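Written out below as structure tokens is the structure these notes cover.
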Amino acid sequence: MSAPIAELRPAAPTPHWDDTLAIEIIAAHAGLEGACLPVLHALQDEFGCVPPEAVPLVAEALNLSRAEVHGVVSFYHDFRAAPPGRHVLKLCRAEACQSMGVDALAAGLLGRLGVEWGGTTADGSMTVEPAFCLGLCACAPAALLDGEPVGRLDDAALDALAQKARRA
Amino acid sequence: MALIQETDYGTPIRLAQDTVTLTIDGHAVAVPRGTSVMAAAMMLGTKIPKLCATDSLEPFGSCRLCLVQIEGRRGFPASCTTPAEDGMVVRTQSDAIAKRRRGVMELYISDHPLDCLTCSANGDCELQDMAGVVGLREVRYGFDGANHRDAPKDESNPYFTFEASKCIACSRCIRACEEVQGTFALTMEGRGFDSKVSPGGTDFMSSECVSCGACVQACPTATLNEKSVIALGTPEHSVVTTCAYCGVGCSFKAEMKGDTLVRMVPYKAGKANEGHSCVKGRFAFGYATHKDRKVKPMIRARITDPWREVSWEEAINHTASELRRIQAKYGQEAIGGITSSRCTNEETFLVQKMIRGAFGNNNVDTCARVCHSPTGYGLKTTLGTSAGTQDFASVDHADVILVIGANPTDAHPVFGSRMKKRLRAGARLIVADPRRIDLVKSPHVQAEHHLPLLPGSNVALLNAMAHVVVTEGLVAEDYVRERCDLAEFESWARFIAQERNSPEAVEPVTGAQAQRVREAARLYATGGAAAIYYGLGVTEHSQGSTTVMAMANLAMATGNIGKLGAGVNPLRGQNNVQGACDMGSFPHEFSGYRHVSDDATREMFETIWGVPLSPEPGLRIPNMLDEAVGGRFKGLYVQGEDIAQSDPDTKHVTAGLMAMECVIVQDLFLNETAKYAHVFLPGSSFLEKDGTFTNAERRINRVRRVMAPLGGMADWEVTMALSNALGFPMEYHHPSEIMDEIARLTPSFAGVSYAKLEAVGSVQWPCNEAAPLGTPMMHVDRFVRGKGRFMITEFVPTDERTGVNFPLILTTGRILSQYNVGAQTRRTENSRWHEEDVLEIHPFDAEHRGIQDGELVALESRSGEIALRARISERMQPGVVYTTFHHAMTGANVVTTDYSDWATNCPEYKVTAVQVRRTNGPSAWQEEFAAGESVLKRIEVRLDVPAAE
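So the sequences go chain by chain: Z and E.
All residue numbers in the first sequence are consecutive under this note's numbering, ending with 168.
All residue numbers in the second sequence are consecutive under this note's numbering, ending with 1117.
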């Protein structure tokens, strides 16, 4: 599930957001053919997310409508509206992992962390996102923690990952 | 009467000359190459089920309902995205197809509310229709799975709702916004099951949406639906008529329940708009039945008296006797009248007939005086006709478009959308405008050259462009030699080639970079078919007529008149400004632009009207007001115009009106002019009468009555009654009889009749024996005047100069949601987009004066002073400020001056030297205005009749 609309519009301004820097980043990529995605990647690399503040700037630079840019940003799950926690856990929810019980594992983990899908723990240590097939079916249930694969997960393993995230 | 259902071919009609022949369900059909199988089937009358297809949009192929079988092809191709080919054998129905279609519908319906009976689109829903067509009888998936039935409703737009729970994600709305309107305000947010239509992650009202209604039109379900339909239910009959807003002249189906207007739906067969609309025509019709409408005649002796309601008979007789009294006392020339560009051709014709025949003078003028009179003068002088050269469709073939002094996306939105479509397809754009209007840069449209000239320098700029054409050898020599007066061309070419007309020499005057001007001129001259579109930014100047001639020079020199995609095209401000001019509203011209001093013409009118007519041109509006102030002009009949708000130098206008003894206002509302009137005659809206409007492309469109006049009489009937009371008999039973008289007396209208309009929809004049179906493009093989005439267009700066006291230039204009003096749109929800007039000012000028965004500022000129809020905007250039004149309370025209075009007296609205400073309250004029609101609009309450009556 992608983030519900409320989360795409955080009430508070994005921390570290800098209009001038964003405009520079956008300008640096605006000349490319099909510039929208490279621009959005560059912004996320810098700010950790593509917040709503970015949308009108990208639209203006590429002569697109704000709606079009919003459409692109919201299409890709990996573009975030707000910066993630210090660590990102992408938990696979595709068929193989489902058959190995990931739904229950996920429900348990989210409950213990007090977050919903896409949410970040209160201490900012971890963001939990769904993924749909990481290609790690052989060691399902599987996940990526900060891009590194982890497999054969159970409650204890997930708690250990969360614990590790809190420490680092 | 029934509801008109236009055929939907599912995919756009292709116009290719060569055809392909295919067989569909055993029937052969020949269709233009490029036609889809779906449209080909519809041409046979075979409806293939569909949801995501409609013929205003390119095919998309997402709903999978229109699957067919084609011999020799595997599977079930979508008929909307499959082009018809020679020899193709298509089956639209089979058991296998039916099973698949039913399966698709099951999926749609498993996630759709089943509240058909209480749904606002009940009976007008394609999803409902398709469920019936495919024979859906059960939904095997049940209704309890994940669904969107709780999706929230967006009711932020005042005219339509977005009920997301009923959305089937067909994308028709998104595509309509992109392909038809060109605003790109909608998107598909998210993906997969989470896909949903979104105006960019916000609500409709805060989005980029311009409320044109194209999405509502395209939606196959109740998701996007008019609030009026939700409130009133679906309409039961419709009448095709013509919008009464701008000069595009869009055709609409007025969809009715009895005599209640439920909604206005753009009519696909309308040749000016081809099924598109804007926020004004589509939605802003509520003014027609607004409680402010005055529907009883009223009179008063002095303007400070309260109005007294009287019978029509008393009002008409009183008016006639007052006019005759004034003429007896002050002379035959002491009265006159003003025709309206908002009324029909027939009504306008009658007013000028009454003035010439009953008043016995030529003191008739029209509001075109203050907008496009230079167009008439300039184009007639150079080309021979007082009108634009092309039809709107011509823009589809333009390679280069020069927009000067016009803002089509705001003021002529439906044509603006058509132009943007052509620009997205690759036409190149030059914009000459002091402001950075939306066309300069908006999603998917970008001007190659924006020439941000200073107001008042149009002639210098166009001369500079022509200089480049002549001196760089870009003249279309064969064209000029064959079609234009060579001696005149040569003397013009010598003039224009002079160094003082070069882009470099005029740069200090125009403010436009010489190099840019050179590039723009080269592009215009060499880029293929080049079209000029212009508006009041051209005409409303002291050199308005010169500018029009300069454009004609440029177009003739480059061979850009008389061919598709080219031409010189005025974008007319009001619905019938072209018609009002055509109908003889000017003091020197009969209908068809024939001078009153021409004996043969006058004799023809005298014979048919049975009265002697004056060969002397009468007074123009500004002359009438000057004479009034001088004490020699005492009576004025004003039909459907509000000169006290719309005309320049308000204080001079009101002084003129106050000096008169009988001012008669015929209008829908007690407008600003009515404050100074002695007789008020209720006008009728465009919904209340039959007639015709002529749009900017000379297209004569029918206006049809959908409800009875609220005041009991249509405007033409009122004029007729007054004329009869004045002893100049008129007897028409229907406006068609007036048109017959127009046709008899006007060569360019000779072939026009209501019967013909009924048969062919609309015609463009000249419509006569030589062109029985009208003339889409003028000057095709030769110019109407014979040889095209190059005119010397010396640049003469306006007398209105900036200086120490008034260092800024004010220019005025219009915005999308409001129309003209706002009498109509201010009485609709359109005001939600524009509640007050604001002063747009460049950050540099604002900072210099310590002005913050949103602050109240005083705007002062040599004529007067008003206060309004500032909006700091980089659309402006430093030194130039801008406002609109939609609100009477603002009084923008208190500030404008009485300078005017040398040839036609068209006022110089677009250049006023002003100063701007912070202020903390309204100006003296505005305070006086507010006081006058209560005194001058009082209506007597009669104690002898119950108040409820």
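Virtual Cβ for every residue (Gly too), placed ideally from N, Cα, C.
Owing to the predicted nature of the structure, the values given are computational and were not obtained by experimental measurement.
> Is it a yes or a no for the segment 597-604 of chain E touching the segment 356-375 of chain E, going by three-plus beta-carbon pairs under 8 Å?
Replying inline: no
> Is Leu704 of chain E buried or exposed, if buried means 16 or more other CB atoms sit within 10 Å of its CB?
Replying inline: Within the second sequence, residue 704 of chain E is the residue found at index 536, counting from 1. Buried.
> Applying the criterion that 16 or more other CB atoms from any shown protein chain within 10 Å of the CB defines a buried residue, is Leu171 of chain Z buried or exposed?
Replying inline: Summary: the structure shown does not reach residue 171 of chain Z, with chain Z confined to residues 1 through 168, and so no result is reported for it.
> Can you list, in chain order, the residues of its chain whose CB lies under 8 Å from that of Phe527 of chain E, leaving out five sequence neighbours each side?
Replying inline: Locating residue 527 of chain E in the second sequence gives position 359, counting from the first residue. Within the same chain, Phe527 of chain E has close Cβ partners Leu491, Gln495, Gln500, Ile503, Gly504, Gly505 and Leu894.
> Whose C-beta lies closer than 6 Å to the C-beta of Ala796 of chain E among residues of the same chain, with five residues either side of it excluded?
Replying inline: The residue you call residue 796 of chain E lines up with position 628 of the second sequence. Gly824, Ala827 and Met828, listed in sequence order.
>> Helix, strand or coil, according to DSSP, for Gly255 of chain E in the structure here?
In response: Position 87 of the second sequence, counted from the first residue, corresponds to residue 255 of chain E. Looking at Gly255 of chain E - three-state DSSP - the assignment turns out to be coil, as it is neither helix nor strand.
> For Tyr702 of chain E, which beta-bridge partners are listed by DSSP?
Replying inline: Looking up residue 702 of chain E in the second sequence gives position 534. The partner list for Tyr702 of chain E (beta bridge, DSSP) reads E:Ile572 and E:Pro738.
>> Measuring CB atoms only, is the segment 974-983 of chain E touching the segment 829-839 of chain E, in the sense that at least three cross pairs come out at less than 8 Å?
In response: no
> Grouping DSSP H, G and I as helix and E and B as strand, with all else coil, what is Tyr900 of chain E?
Replying inline: Counted from its first residue, the second sequence places residue 900 of chain E at position 732. Looking at Tyr900 of chain E - three-state DSSP - the assignment turns out to be coil, as it is neither helix nor strand.
>> Given this structure, state the Cα-to-Cα distance separating Ala246 of chain E from Val302 of chain E, to the nearest angstrom.
In response: The residue you call residue 246 of chain E lines up with position 78 of the second sequence. The residue you call residue 302 of chain E lines up with position 134 of the second sequence. Computed Cα separation, rounded: 16 Å.
>> Runs of 4 residues minimum, wholly inside the segment 1007-1035 of chain E: which ones carry the alpha helix (DSSP H) assignment?
In response: 1011-1016
> Grouping DSSP H, G and I as helix and E and B as strand, with all else coil, what is Glu423 of chain E?
Replying inline: Within the second sequence, residue 423 of chain E is the residue found at index 255, counting from 1. Of the three classes helix, strand and coil, the one that applies to Glu423 of chain E here is strand, per DSSP.
>> Using CA atoms only, rank isn't needed, just tell me which of E:Ser396, E:Pro320, E:Asp279 and E:Ala299 is closest to Tyr327 of chain E.
In response: For the purposes of this step, residue 327 of chain E is taken as the residue at position 159 of the second sequence. Out of E:Ser396, E:Pro320, E:Asp279 and E:Ala299, E:Ser396 has the C-alpha closest to the C-alpha of Tyr327 of chain E.
>> Out of E:Phe663, E:Asp908 and E:Arg242, which one is the CA nearest neighbour of Ile776 of chain E?
In response: On the second sequence, position 608 is the one that residue 776 of chain E refers to. Out of E:Phe663, E:Asp908 and E:Arg242, E:Asp908 has the C-alpha closest to the C-alpha of Ile776 of chain E.
> In terms of DSSP beta bridges, what is Ile1107 of chain E paired with?
Replying inline: Residue numbering aside, residue 1107 of chain E sits at position 939 when the second sequence is read from its first letter. DSSP, once it has assigned bridges, lists E:Trp475 as partnering Ile1107 of chain E.
> Three-state secondary structure (DSSP) at Gln1083 of chain E?
Replying inline: Your numbering for residue 1083 of chain E matches position 915 in the second sequence. Looking at Gln1083 of chain E - three-state DSSP - the assignment turns out to be strand.
>> Taking 9 Å as the threshold (beta carbon to beta carbon), is Gly124 of chain Z in contact with chain E?
In response: Translated into the one-based positions of the first sequence, residue 124 of chain Z becomes position 124. Not an interface residue.
> If you draw a straight line from the C-alpha of Arg690 of chain E to the C-alpha of Gly641 of chain E, how long is it?
Replying inline: For the purposes of this step, residue 690 of chain E is taken as the residue at position 522 of the second sequence. For the purposes of this step, residue 641 of chain E is taken as the residue at position 473 of the second sequence. Taking the straight line joining both Cα atoms gives about 10 Å.
> Based on Cα-Cα distance, which residue from E:Cys446, E:Val538 and E:Phe657 lies nearest to Gly956 of chain E?
Replying inline: Position 788 of the second sequence, counted from the first residue, corresponds to residue 956 of chain E. The shortest Cα separation from Gly956 of chain E among E:Cys446, E:Val538 and E:Phe657 belongs to E:Phe657.
> Where DSSP assigns a beta bridge to Thr127 of chain Z, which residues make up the other side?
Replying inline: Counted from its first residue, the first sequence places residue 127 of chain Z at position 127. BP columns for Thr127 of chain Z point to Z:Val88 and Z:Thr120.
>> Taking 9 Å as the threshold (beta carbon to beta carbon), is Glu1101 of chain E in contact with chain Z?
In response: As a working note, residue 1101 of chain E is residue 933 in the second sequence. No, Glu1101 of chain E does not count as interfacial toward chain Z.
> Under three-state DSSP, which class holds Asn393 of chain E?
Replying inline: Working through the second sequence from its first residue, we reach residue 393 of chain E at position 225. Three-state DSSP puts Asn393 of chain E in a strand.
> So who's on the other strand from Leu607 of chain E, going by DSSP bridges?
Replying inline: As a working mapping, residue 607 of chain E is identified with position 439 in the second sequence. BP columns for Leu607 of chain E are empty, so no partner.
> What residues in the segment 14-34 of chain Z have a beta carbon less than 8 Å from any beta carbon of chain C?
Replying inline: Although the question refers to chain C, the structure presented lacks it and instead comprises the protein chains Z and E.
> Is the Cβ-Cβ distance between Gly1047 of chain E and His1010 of chain E less than 9 Å?
Replying inline: For the purposes of this step, residue 1047 of chain E is identified with residue 879 of the second sequence, where counting begins at 1. For the purposes of this step, residue 1010 of chain E is identified with residue 842 of the second sequence, where counting begins at 1. Cβ atoms of Gly1047 of chain E and His1010 of chain E: closer than 9 Å.
> Looking at Val648 of chain E and Ala725 of chain E, is the spacing between their C-beta atoms short of 9 Å?
Replying inline: Position 557 of the second sequence holds residue 725 of chain E. Position 480 of the second sequence holds residue 648 of chain E. Their beta carbons are under 9 Å apart, which means Ala725 of chain E touches Val648 of chain E by this criterion.
> Using 9 Å as the limit for Cβ to Cβ distance, is Met356 of chain E near chain Z?
Replying inline: As a working note, residue 356 of chain E is residue 188 in the second sequence. Chain Z, which has a Cβ nearer than 9 Å to the Cβ of Met356 of chain E, makes this yes.
> Grouping DSSP H, G and I as helix and E and B as strand, with all else coil, what is Phe951 of chain E?
Replying inline: By 1-based counting over the second sequence, the position of residue 951 of chain E is 783. Correct three-state label for Phe951 of chain E: strand.
> Taking just the CA atoms, how far does Glu1008 of chain E sit from Thr841 of chain E?
Replying inline: For the purposes of this step, residue 841 of chain E is taken as the residue at position 673 of the second sequence. For the purposes of this step, residue 1008 of chain E is taken as the residue at position 840 of the second sequence. Spanning the two alpha carbons is a distance of roughly 28 Å.
> Under a Cβ-count criterion, where at least 16 other Cβ atoms within 10 Å of its own Cβ denotes burial, should Met1044 of chain E be classed as buried or exposed?
Replying inline: Within the second sequence, residue 1044 of chain E is the residue found at index 876, counting from 1. The residue is buried, with at least 16 neighbouring Cβ atoms inside 10 Å.
>> Measuring only the C-alpha atoms, how far is Thr553 of chain E from Gln237 of chain E?
In response: For the purposes of this step, residue 553 of chain E is taken as the residue at position 385 of the second sequence. For the purposes of this step, residue 237 of chain E is taken as the residue at position 69 of the second sequence. Distance between the alpha carbons of Thr553 of chain E and Gln237 of chain E: 56 Å.
>> Could you check whether Ser65 of chain Z and Ala353 of chain E sit closer than 9 Å to each other, using their CB atoms as the reference points?
In response: By 1-based counting over the second sequence, the position of residue 353 of chain E is 185. By 1-based counting over the first sequence, the position of residue 65 of chain Z is 65. Yes.
> Is the number of C-beta pairs between the segment 964-979 of chain E and the segment 399-414 of chain E that are closer than 8 Å three or more?
Replying inline: no
> Are Arg232 of chain E and Gly202 of chain E close, meaning C-beta to C-beta below 9 Å?
Replying inline: As a working note, residue 232 of chain E is residue 64 in the second sequence. As a working note, residue 202 of chain E is residue 34 in the second sequence. Cβ atoms of Arg232 of chain E and Gly202 of chain E: not closer than 9 Å.
> So what does DSSP say about Thr714 of chain E, is it helix, strand or coil?
Replying inline: For the purposes of this step, residue 714 of chain E is taken as the residue at position 546 of the second sequence. Here Thr714 of chain E sits in helix by DSSP.
> chain Z partners of Lys218 of chain E, CB-CB under 8 Å?
Replying inline: Taking the second sequence and counting its residues from 1, the one referred to as residue 218 of chain E is at position 50. What Lys218 of chain E touches in chain Z: nothing, since even the nearest Cβ is about 24 Å away.
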